[in-house]
Every structure is written in C-alpha cells, then in structure tokens.
Amino acid sequence: MLSEDLNRILRLKAELDAIRPIPEETMAKVMQKFRLDWNYHSNSMEGNSLTFGETKTFLLHGNTASGKPLKDHLEIKGHNEAILDLEDMVKGEVQLTEHKIRSFHQLILGEPYTTKALTKDGMETTKQIVPGKYKSQPNHVLTSTGETFYFTEPNLVPLEMEQLLKWFEENQTKNELPTLILAATFHYKFIRIHPFDDGNGRMSRILMNLILMMNGYPPVVIKTEDKENYFRALRQADGGELNPFIEYIGQQLIHSLELTLKGANGESIDEDDDIDKRLKLLLGQIEENKKNVVRVKRDPSHVFETVAQSIVPLIEEVISNLPKMNSFFLNISNEITIPLDPSARKTFKNLSQLKESYQTYARNLDDSFPKSITVSINLNGYKHSAEKADFNIQTYLYIQFNEYNYKVNLSNHQINEIILPYSQRISKEQIKTFSKNLLGQWVTMLEAISKS
C-alpha cells in the first residue's frame, strides 16, 4: 500500500536525519556503492554491453574492457560525470532548469552518433542523435502488440518541458507533496514527453534521483534483473494507474534508505549479490585474450601434441645455431634425455626418437610418460687461445609438463621462460626469438672471453 510505504519512508528518513551529520568518509563510501550500481544498472537496461565488473574497473581504474565498443565506455563515463555533477548541484542547491537537463543529456551521450529508427510507415531508417538537443523528429515506439505508443511531438517539447519544470518548482516550493510522489511523478511525466532522441530512460532516472537527493533522500537504483517489474509499473501508469509505479519506486527508496542507515551506522553495506559482483569484477579485470586459455589438463595425448608441435620445433631451431659455433669451439655436442625413474634416464639420438616415444605413450593412453625433457648443449675447446682452450659453454634447456601447463626455460634463467596451456602452441615467432636470444647469449660470452 502506498500509504504504508510513505509512512515507512518518513520513519527511515527521520532515523537518518537523527544521526546527521554523517562523517564525509562514511557517506563517500555509501555514495560510491550507489554510484557504481546506478551507473551499471541504468546503462545496462538501455543496452550497454559492459558488465558490472567492467563498469567498476573502468570507473575506478580507467581500464577499458577489450572487445567492448568505445561508445559503451563513453556512455558509462558520461553517466558517471552526470551523477557527480548532480551531487554538486545538490550540495550547491542549484535550481533545476532546461539548460541543466540538456547539459546532463550531453554528458550522458557524449558525441553525436547515428542509430536505427522507424519511419511513420514503420520502415527501418537511421537518424542522427545530437546530445543536449531536443528531438527533431517523432520518437514514437511500436509496442509488442504492434500498436504505436505516442510521445510528445517534437514541436511541443519546449512547451511541455517548460510546464513540467514549472509544475516541479511549484510543488517543490509548497512542500506539500511527499518527495516520493514528486520524484516518481516527475520521472513518469518526463518519460511521456520523451524529449530527446535517445537516452530518455537514463535521464528520467537521473532527474528522479536529483529530486530525491535535493530533499535529503538517497538515490534509488533500478536493477537490471528487476527491470521487468519496473517496465510493468510504467505500463500500468500508461494505462492511467500511476500508484503502482509510485509504489514500485517507493520500495526501491526504502531499500536505499535502509542501506544508507546501515552505512551511516558503520555496518556492512554489502548486499546478497555483492559476491557475484566481485566475481564479475575479477572476470572483468582479465584481458579478453587471456580468458579461458586453460582448457585441458595434462594427459598423454595433449603432451604428445605439445612435443610434436611445439617442443621439437623449438629444439630444432636451437640446435640449428650450433654450426655457427664451429668457428670457435673444437667439440660441440648436444644430448636429449628424459627421466625413466629417479635414478635412470633415457637418451635419444635424434628428435624423431623423442617424438615416437611420446607418441607411444599417447597411443597406449599410458599416464606414466616422462614429465620432463632436458636438452644439454656443450661447447668445448676454445680454438683461439691456448691459455683459454679450456673455456666452455654449457647450456641446459628444460621442458616441464605440469598438470595444467608446460614450461620451457634455461638453466641460467637469463632468457624469459615460456609458459603456456596445453591448448596453445609455441608460435614460430616465439621459437625464433627464444633461439635468437640464446645465440646472443653465447656471443656475449665469446666477446667477454676474447677481451679478457
């Protein structure tokens, strides 16, 4: 019942007023929660593709979500700036004017853009959206039943907006109409005018919250998951029953008041779905190209594929550098080994044998396959100095098959290791870079010995 909601709202408001002034730091924390929820849900209802986590990451840290439209980020940014501007208005007791409303609209939508539209005959077309300017052509909509729902004609928008603000100022000054009714009714009247070509839903919620906050109330947040109830209440208002819509907004205001009281009293303001939001935030912080890269677990088949398609090509490329060392060392050798048990190792004469060994394990689904490979490279007998003839270079290349990834690194750790999931191969570029860096390391050591 509306009367019961109004009484409860007044009681909660009285409790809140009784503990004022609330420390700035406390209120800042409460308002940050409202602002993040408000930005996400209000934009999400209008088709913005950013998740809650992406919205929070973008607003708090400036990180954009990979693969999401720039327009969606700019809308969130503009909406957030409009809310901050609104908060300043409340503090400064600035009057609500048409100019201010158009400024909010420009903040929310940013730069001009083109969007899909319908002609009077119901044909698809496009129209230019100019933020901050009233609509220049009708923006009536087709309902699910195929009927046209009419909003104010473009030429009548200035007059009806003037009348709406006059109605608001009179009721705000008289202070006779409960704030809930004033704010919710303004929201509905604004929606019926639909003064802009786009962004009217977000604007109506911003202006409703401005009215609430001007009168000492917290903002209300219409959650995306509850949008059907919100739209249903709006449809009832379209049918001449405004009370269900006011009651719906009243329920959201009660929730906001209770949340604000909790925060003001030092209690936790986490909500039931906040853990889900934190999970979404964590997911949103992960770059798109890094999501779900670990898809399979180590098994004989995946390890064989890794050996055949990544490890063997890498070892081949590294070994191809050895002839370049013939001019400097008398004896050059390499050895490929795998562990059979803690005390025994098996040596392979060539890479084909290594590949065949792992293929056999894969064919037999034998999980006892060796979990590592070691490639030792020995450069002995420095040719260009009798005193330094004992100078040698020993390099060990280690390949480790872990449960969820495989790793390639060198014994001296001077070259970046490669760690990849089994679903990802070492690229040709990575192989060439790894081999080139190793050769460069050998050359650096030769340069040092020639100067000493």
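Residue numbering for the sequence shown follows UniProt numbering, beginning at 1 and increasing consecutively.
Note that beta-carbon positions come from the ideal geometry of N, C-alpha and C, so glycine has one too.
No experiment lies behind these values; they were computed from the predicted model shown.
- DSSP places Y113 in the strand class (E or B) of the three-state scheme.
- Where A448 is concerned, the enclosing alpha helix (DSSP H) starts and stops at K428 to K451.
- For S103, the secondary structure class from DSSP, reduced to helix, strand or coil, is helix.
- For D299, the secondary structure class from DSSP, reduced to helix, strand or coil, is coil.
- Here the segment 169–189 lies against the segment 249–261, with 3 or more beta-carbon pairs under 8 Å apart.
- DSSP, read as helix, strand or coil, puts P219 in coil.
- For I336, DSSP records a beta bridge to F348 and V375.
- Distances from the alpha-carbon of M27 to those of P421, F434, I269 and E356 put I269 closest.
- By DSSP's assignment, I193 forms no beta bridge with any residue.
- Just measuring C-alpha positions, the residue of I332, N412 and P300 sitting nearest N402 is P300.
- Nearest C-alpha to P370 among E228, Y406, S385 and S450: Y406.
- Following the DSSP letters along the chain, one finds I399 in no alpha helix (DSSP H) but inside the beta strand (DSSP E) bounded by residues I393 to F401.
- Spanning the alpha carbons of N175 and V94 requires a straight line of approximately 17 Å.
- Per DSSP, E228 is one residue of the alpha helix (DSSP H) stretching across K227 to D238.
- Taken through DSSP and simplified to helix, strand or coil, P342 comes out as coil.
- For the pair T148 and I193, the CB atoms are not nearer than the 9 Å cut-off.
- Within the same chain, Cβ atoms closer than 6 Å to the Cβ of Q309 are found at R425, the five residues on either side in sequence being excluded.
- In the three-state reduction of the DSSP assignment, G263 falls in the helix class.
- Boundaries of the beta strand (DSSP E) harbouring L410: N405 to L410, taken from the DSSP string.
- In the three-state scheme derived from DSSP, where H, G and I count as helix and E and B as strand, T173 is classed as helix.
- S204 and L420 have their C-alpha atoms roughly 50 Å apart.
- Judged by DSSP in its simplified three-state form, I206 adopts helix.
- The beta carbons of V318 and Y358 sit no closer together than 9 Å.
- When the five nearest sequence neighbours on each side are left out, the beta carbons in the same chain lying within less than 6 Å of the beta carbon of L322 are those of I332, in order along the chain.
- Across the set L330, N364, S372 and N326, the C-alpha of S372 shows the shortest separation from the C-alpha of D341.
- Within the DSSP secondary-structure output, N331 pairs in a beta bridge with N380.
- Looking only at R345, D238, G199 and E258, the smallest Cα-Cα distance to G110 is reached by G199.
- Assigned with DSSP and collapsed to three states, V307 falls in helix.
- Taken atom to atom, the span from the alpha-carbon of V157 to that of Q163 is near 10 Å.
- Judged by DSSP secondary structure, I319 falls within the alpha helix (DSSP H) whose first and last residues are V312 to I319.
- DSSP, read as helix, strand or coil, puts V130 in coil.
- In the DSSP annotation of this structure, the continuous segment of the alpha helix (DSSP H) that includes I9 starts and ends at L2 to A18.
- Residue nearest to I449 within the set I393, H302 and I415 is I393 (criterion: CA-CA distance).
- DSSP, reduced to helix, strand and coil, places T148 within a strand of the structure shown.
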